[in-house]
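In what follows, a structure is listed as structure tokens, so that the remarks can point back to it.
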Amino acid sequence: MKTLIVYCSYHHGNTKKVALAMGEVAKAEVVEEAQARNIDFSKYDLIGFGSGIYGFGFDKKMVALIESASLENKEVFVFSTNDSGSVRNHQAVLNILEGKKAKVLGNFSCKGWDTFGPFKLIGGRAKNHPDASDLNNAKEFIKGIITK
Ligand SMILES: Cc1cc2nc3c(=O)[nH]c(=O)nc-3n(C[C@H](O)[C@H](O)[C@H](O)COP(=O)(O)O)c2cc1C
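When you line the sequence shown up against the UniProt record's numbering, it's residues 1 to 148, in that order.
Put into structure tokens, the structure is as follows:
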């Protein structure tokens with residue numbers, strides 16, 4: 001199975017860590033969003049889109065990339081890191097993927113260290129995340145996807 005993982009991770013590289021952990025298990029090509037703009041998505045059997053959550057959603061560049069991609073019948077998954085480790089801010093991206101008739105196989109999130117704005121005064125939120133347990137969860141998630 002040829003797998004591509006695309007990520008946006010400008011704050012602390014939290015999402016990049018998750019992308020690389022997943023990529024190791026899936027033997028995937030792992031690239032930043034800017035490198036994926038000219039990629040032919042049709043070459044891949046499975047594509048993962050991951051981002052930090054910035055202002056209640058995925059990075060706008062990632063949203064634009066997904067909006068511009070041909071993904072009909074393509075197997076995809078999405079993931080993020082954020083303050084709470086919740087998938088609740090994935091909905092906008094899931095709606096776009098659904099509109100494109102992509103097959104969403106899963107949805108993963110974990111905490112990521114956040115020093116944005118006033119949080120830096122207290123050393124940030126979700127310090128030390130993603131940790132070994134988060135990365136292990138990410139690996140188990142992708143194992144579940146590739147054996148589907
Ligand atoms: C500009 C900015 C806005 C953020 N907005 C949110 C948010 O709305 N909800 C949330 O849970 N975390 C928010 N965060 C925290 C990030 O999602 C978290 O630190 C994430 O792990 C960053 O990923 P990265 O290191 O891969 O960029 C924000 C961080 C930044 C820098």
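C-beta atoms are modelled at their ideal positions from N, C-alpha and C, and glycine is treated no differently. Predicted model, so just to flag it, every value in this text is computed and none were measured.
Which whole-angstrom value describes the C-beta separation of residue i and residue j, a residue pair presumed to lie in contact below a C-beta threshold of 8 Å?
i	j	result
glycine 52	histidine 11	5 Å
asparagine 128	tryptophan 113	7 Å
methionine 22	glycine 55	That pair is no contact at about 24 Å.
Identify which residue in the options has its Cα closest to the Cα of residue i.
i	options	result
arginine 37	Leu65, Lys27, Leu4, Gly55	Leu65
glycine 50	Ile39, Lys100, Val76, Ala69	Val76
methionine 1	Val25, Ser9, His90	Val25
leucine 94	Asn136, Ser86, Val104	Val104
threonine 3	Ile96, Asp134, Tyr44	Tyr44
lysine 16	Ile146, Lys148, Leu135, Lys143	Leu135
tyrosine 7	Phe116, Gly55, Met62	Met62
serine 68	Gly13, Lys148, Ile96, Val87	Ile96
residue 167	Ala126, Val78, Phe119, Ser70	Outside the modelled stretch of the chain, which goes from 1 to 148, sits residue 167, for which no answer is possible.
serine 80	Gly124, His90, Glu72	His90
How many angstroms separate the CA atom of residue i from the CA atom of residue j?
i	j	result
leucine 20	lysine 111	16 Å
asparagine 82	glutamate 29	23 Å
residue 161	lysine 139	Only positions 1 to 148 of the chain appear in this structure, which leaves residue 161 out of reach.
glycine 106	phenylalanine 141	8 Å
valine 31	leucine 121	32 Å
aspartate 59	serine 133	25 Å
leucine 46	lysine 101	14 Å
By the 10 Å Cβ neighbour count, where 16 or more other Cβ atoms means buried, how is residue i classified, buried or exposed?
i	result
proline 130	buried
serine 9	buried
glutamate 98	exposed
glycine 144	exposed
alanine 34	exposed
asparagine 14	buried
Ends of the beta strand (DSSP E) at residue i?
i	result
serine 13	The residue asked about is misnamed: residue 13 is glycine in this sequence, not serine. Looking at the DSSP string, glycine 13 is not in any beta strand (DSSP E), and its letter there is neither H nor E.
asparagine 111	Sequence inspection shows lysine at residue 111; the asparagine mentioned does not correspond to that position. Unbroken beta strand (DSSP E) run through lysine 111: 103-111.
serine 80	75-82
isoleucine 47	46-52
valine 31	29-32
Looking at the unbroken alpha helix (DSSP H) that takes in residue i, where does it start and where does it end?
i	result
leucine 121	Careful: leucine 121 lies outside any alpha helix (DSSP H) and carries neither H nor E.
phenylalanine 141	132-146
Say the cut is 8 Å; is the CB of residue i nearer than that to a heavy atom of ligand 3?
i	result
glutamate 98	Absent from the structure shown: ligand 3. Ligands present: ligand 1.
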